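Asker:
In my numbering, the protein residues as written are 741 to 1336.
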């Protein structure tokens, strides 16, 4: 039994959820107002028999106890698992004691380096750096809060300091604050620069950003990747911003260190930075588990927008919930800075202007359409065709049919054509197909019978994943399926990650270490004598069975949470929404039966 299975087998989801929200018994389930959004009519249901929860209201998402803690506490999978493991007395050893000790050593080296840099900034050598900060409008309290420092001139000052304290210099090299030359000499990596310590979400120093003060290039340099620092997965300022992000339900992304610091000094404590890199899925996911809205503050420069657009599509998909295997309903919005300014300039010169820019941020697809159309001459038929070719894949990747139609309406309006003309130019935008109904198999082909002792399993989900892992080309059959159709969280996470990977090695690197055991188990499943043709047919049918199961449970849950109006009282304001949702579910069910 894996650690994940052991923890889940010892948990009672009612106890876990009850720590955060009062539950009321309702038949075989429990109901409550959803803890993730404001509502009058309870739509949050906890089902002990399945050890699951689901919001049938605005969130339209669900999961198990681990998934609940992930969303409620803003944790990643491994952190949530460890928290629940402590609760039930299960020891989690996803990393060796040697690895944990090594990482702790790197944290200690970084912390001591940060303290050393702060002392230099406060002394005589830091006078020029302090003047620079003063000219940028930063007060001493803010600089101290962000632990800003100064790396001194010379190439042995930090090295000698760490050596005097008894640190192994090889460890300091591994942390990135020292560098080992080809001749074996060990020297300071940073010197003569303003230092920005970079913290993880728990507030530990994992690396540094450094700005030159004498005009030398490059202007900024960062710690190289280490065992505790991955720039593509780290957000500057998140350790300070997370509580305000949760409170406001909004995270604002900026590009640089000074942008973040200026924002926090002026009271905008929900601002974080990607540190000059293209926004990555892992950075977006780290913020999206804390809030419903992510706003990206962009330079008004067209070239900068074009470069940013190349990285935003995958981030948008991540915010649609695919990385977490759930519909997070997190919106990605774009806020454009005035021409020639950055967030730091705007906030210092006119904080109210900054507020207005953030408040008027545009939805990602609205921005994408406008940005694309502004860079292409759409007055010609060729230009219109080019714009459609650029935007069509992104719009088609949206699995919500209503949103997809809304985006095509936006595009038609931006191109100055009718919806009908646009539809003819791109064919069937939903990519639907029809065909004779094929009965779903009673059991997936080649699935071995197994006995699952003490742990709830889902053979259908596991079979689908095993086939998709063995035959990656068959992932095209799963392209329009939602990760939420997988009930077991570990299966959901494997599915959503696998859909974005091309090799098992890349999948393994994306998954938390605690899920490697589950991945190996899926890879070892005996599929029997199945060829590609029969596997493709079976996985299509099995995926439709998963969808049908999800839709039926979604329909039943919505009906269960609906409360009819009392006699002589006003109509339930949610009744219209319920009716529309049930109609849409029935349409999707009919389509699923027709496709299967």
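All C-beta atoms, glycine included, are put in the ideal place defined by N, C-alpha and C.
All figures in this text were calculated on a predicted structure; none of them were measured in a lab.
Within the chosen definition, does the region 989 to 996 reach the region 867 to 881 through at least 3 CB pairs nearer than 8 Å?
Answerer: no
Asker: What does DSSP give as the partner residue(s) for residue 928 in the beta ladder?
Answerer: 918
Asker: Spatial neighbours of residue 1084 within its chain, please: C-beta separation below 6 Å, excluding the five flanking residues on both sides.
Answerer: 998, 999 and 1002
Asker: Based on DSSP bridge pairs, tell me the residues matched to residue 793.
Answerer: 786 and 803
Asker: In terms of residue numbering, what span does the beta strand (DSSP E) encompassing residue 1075 cover?
Answerer: 1071 to 1076
Asker: Quick one: give me the first and last residue of the alpha helix (DSSP H) that residue 1141 is part of.
Answerer: 1141 to 1155
Asker: In the DSSP output, which residue or residues are listed as bridge partners for residue 937?
Answerer: 948
Asker: Taking DSSP as the reference, what is the three-state secondary structure of residue 817?
Answerer: helix
Asker: How about the region 1211 to 1222 and the region 1277 to 1284: do they share at least three Cβ pairs that are nearer than 8 Å?
Answerer: yes
Asker: Ordered along the chain, which non-local residues of its own chain (more than five positions away) have a Cβ less than 7 Å from that of residue 1183?
Answerer: Per-residue confidence for residue 1183 stands at a pLDDT of 36, beneath the threshold of 50, marking its modelled position as unreliable; the derived number appears in the next sentence. Hits under 7 Å: none found.
Asker: Excluding sequence positions up to five away, which residues of its chain have a Cβ less than 6 Å from the Cβ of residue 748?
Answerer: none
Asker: Any idea if residue 933 is buried or exposed, counting beta-carbon neighbours within 10 angstroms, 16 or more meaning buried?
Answerer: buried
Asker: Residue 1115 by DSSP, collapsed to three states: which one?
Answerer: coil
Asker: Have a look at residue 838 and residue 967 and give me their C-alpha separation to the nearest angstrom.
Answerer: 13 Å
Asker: Contact between the region 1015 to 1034 and the region 981 to 993 is defined here as three or more beta-carbon pairs at a separation below 8 Å; is this criterion met?
Answerer: yes
Asker: Would you list the residues sitting across from residue 1033 in a DSSP beta bridge?
Answerer: 990 and 1071
Asker: Report yes if the CB atom of residue 763 is closer than 8 Å to the CB atom of residue 805, and no otherwise.
Answerer: Not in contact: residue 763 and residue 805 (Cβ atoms no closer than 8 Å).
Asker: Can you tell me which of the three DSSP states residue 1038 falls into?
Answerer: Strand, per DSSP.
Asker: Taking a contact to mean a Cβ-Cβ separation below 8 Å, would you say residue 1087 touches residue 1008 in this structure?
Answerer: yes
Asker: Please determine, among 1104, 1124, 1090 and 1142, the residue with the shortest C-alpha to C-alpha distance to residue 877.
Answerer: 1090
Asker: Is the number of C-beta pairs between the region 813 to 832 and the region 852 to 862 that are closer than 8 Å three or more?
Answerer: no
Asker: Using 8 Å as the cut-off, can you tell me whether the region 957 to 971 makes contact with the region 916 to 929, which would need three or more C-beta pairs spanning the two stretches below that distance?
Answerer: Taking 8 Å as the limit for Cβ pairs, the verdict is that the region 916 to 929 does touch the region 957 to 971.
Asker: For residue 890, which residues in the same chain have their Cβ closer than 7 Å to its Cβ, ignoring the five residues on either side in sequence?
Answerer: 857, 860, 861, 865, 866, 869, 934 and 935
Asker: Using a 10 Å radius around the Cβ and a threshold of 16 neighbouring Cβ atoms, would you call residue 760 buried or exposed?
Answerer: exposed
Asker: Determine the extent of the beta strand (DSSP E) in which residue 962 is found, giving its start and end residues.
Answerer: 960 to 962
Asker: In angstroms with no decimal places, state the Cα-to-Cα distance between residue 754 and residue 772.
Answerer: Approximately 12 Å between the Cα atoms of the pair.
Asker: With 16 as the cutoff for other CB atoms within 10 Å, does residue 1011 come out buried or exposed?
Answerer: buried
Asker: Apart from the five residues just before and just after residue 959, which ones in its own chain have a Cβ nearer than 8 Å to its Cβ?
Answerer: 951 and 952
Asker: Identify the continuous alpha helix (DSSP H) that holds residue 749 and give its terminal residues.
Answerer: 743 to 750
Asker: Along the beta strand (DSSP E) that carries residue 1011, what are the first and last residues, could you check?
Answerer: Residues 1011 to 1013.
Asker: Can the beta-carbon of residue 1227 be found less than 8 Å from the beta-carbon of residue 1201?
Answerer: Between residue 1227 and residue 1201, the C-beta spacing is below 8 Å.
Asker: Buried or exposed: where does residue 1158 fall if 16 or more other Cβ atoms within 10 Å of its Cβ makes it buried?
Answerer: So residue 1158 ends up on the exposed side.
Asker: Measuring alpha carbon to alpha carbon, tell me which of 1233, 1293 and 1214 ends up nearest residue 1274.
Answerer: Among 1233, 1293 and 1214, the Cα nearest to that of residue 1274 belongs to 1214.
Asker: How should residue 937 be labelled, buried or exposed, when 16 other C-beta atoms within 10 angstroms of its C-beta is the threshold for buried?
Answerer: buried
Asker: Excluding the 5 residues flanking residue 795 on each side, which residues of the same chain have their C-beta closer than 7 Å to its C-beta?
Answerer: 774, 776, 783, 784, 801 and 802
Asker: What are the start and end residues of each continuous alpha helix (DSSP H) run of 4 or more residues lying completely inside the region 846 to 928, in chain order?
Answerer: Restricted to the region 846 to 928, the alpha helix (DSSP H) segments that are unbroken, complete and at least 4 residues in length are 867 to 875, 880 to 885, 897 to 904 and 909 to 915, listed in chain order.
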